[in-house]
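Worksheet for the structure shown next.
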Amino acid sequence: MMAKTIRHIGALLCVCALLALTMMGCGDENSKDEESEKSSKLDKQLAAVMEGGRDFEKLDLTEFVLPDSVTAVYEEGHGLGYVVELTVNGYGEGMVILCGVSADGVVTGAECLSSNEALGEEQEYGESFIGEDINGVASVDTIMGATLTTNGYKNAVKDALNAVLTLGGADVDVRTPDQILQDNLAAALPAGEGKFTKLFFTEKIEGVDAVYSAHNDAGYVAVIGEEFIGIEAGAPTAYPAIADAIKAMTESNPTAVDLTAYEGIDKNVQRVTKTASGNYIVEVNGLGFGYFGDETHYVTGQNIPIVIRVSLTPEGKIIDTLTVSHSESKGYGAVCGEESYYGQFDGKTIENYKDVDTIGGATITNNGYLKAIERCFEVVAILEGGAE
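All the letters of the sequence shown, read from the start, carry residue numbers 41 to 428 under the numbering used here.
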């Protein structure tokens, strides 16, 4: 009886083992099928941006210094060129683009594989770059009302072309715009030790686009177009007018305005100060994601503020804008915290402040920010009209 039971158990174990082996084989086949499907899809995507391309091989990029946006490069098997995969930011983060580049450095095609943009035009925009070389990318028309989306796309195409030049042995500057800015600041004022913060303008310095202050108080760098001018603290300078203007602005002590002396000021206006020259600095809340209608909030019933600071002339013209803080979603409304967005409001008035590029897929954030800007104009108008 015991021997018979053992024989039955042994047979059962054999059956189980055979079933396991069969299932493993099926698993292997399924895995192979999935890999084959992925490979076939990739081949089609690569061929879509390089007509006639085939037998693509993914390159090992460890020995090359390529733009940070480059995530992969595929070499066409018969000398037609390369297809570069890149990830860049538009108004949202994570726009994935394939760009084909011929062996002689011309775009053969470009396609957006995925993005968080809300426009849809970026799906066809790649066709605009076909036939362009590294010198022609900047001249390609932008998508109306989507400057950041199209600039992100242009940067991707430019990076793809530069990557292929680098693979061919050329010496290419692959620094990002921010890296170039930081290097220029450091070169203009070496004593700043490479750490700078952009000043918030409460006065307009004629002819100066921006001023950066060294973290160690070594001085400032004024930016005029593409020129970077270092001004050491306390040292003689060839630009006394700029130095005096910076000193006047940084050493001024704006006085607080008593908002309780006025009627009609929106409760979201947090603080207003006034400079000796009569300009206003307004800190105000805009209601971002969680903003609905005018003052009703959702998302766990909490106020989700975007705090902004705006300096304005008594006539109501914006001098400078800054997003002080926000809690918007990364990849969507969080773009409101970048100068590429809030810098658009500089120089605007009540008549044209809405003439800016909006953040794709972030209507609530856009509306909340515009409302905050509108409140700045309103409070200056009230203060200039006098106390009630």
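For every residue, glycine included, the Cβ atom is placed at its ideal position computed from N, Cα and C.
Residue 117 and residue 190 have their C-alpha atoms some 31 Å from each other. Collapsing the DSSP output to three states places residue 174 in coil. Taking the Cα of residue 421 as reference, the smallest distance to any Cα among 379, 349, 305 is reached at 305.
Listed as beta-bridge partners of residue 349 by DSSP are 323, 362. Contact between the stretch 163 to 171 and the stretch 90 to 101 is absent, with fewer than three C-beta pairs closer than 8 Å. If you ignore the 5 residues before and after residue 318, its C-beta comes within less than 6 Å of the C-beta of 354, all in its own chain and listed in chain order. A contact between stretches requires three or more CB pairs, one per stretch, nearer than 8 Å, and the stretch 273 to 291 meets this requirement with the stretch 248 to 265. Across the structure, residue 108 and residue 148 are spaced so that their CA atoms are roughly 22 Å apart. By the Cβ neighbour-count rule, residue 198 is buried, with 16 or more other Cβ atoms within 10 Å of its own. Inclusion of residue 329 and residue 361 in the CB contact set at 8 Å is not warranted, their separation being larger than that value.
With a 10 Å radius around the Cβ and a threshold of 16 neighbouring Cβ atoms, residue 276 comes out exposed. A straight line joining the alpha-carbon of residue 424 with that of residue 345 spans about 27 Å. Within the same chain, 173, 174, 201, 204, 205 come within 7 Å of residue 145 by CB-CB distance, once the 5 residues on both sides are set aside. Between the alpha carbons of residue 398 and residue 274 lies a gap of roughly 42 Å.
For residue 114, the enclosing beta strand (DSSP E) stretches over residues 110 to 115. Secondary structure note for residue 153: its beta strand (DSSP E) is the uninterrupted segment 147 to 154. For the set 374, 325, 378, the Cα lying nearest the Cα of residue 416 is the one of 325. Cβ-Cβ separation between residue 139 and residue 89: approximately 6 Å, consistent with a contact (criterion under 8 Å). Under the three-state reduction of DSSP, residue 271 is assigned to strand.
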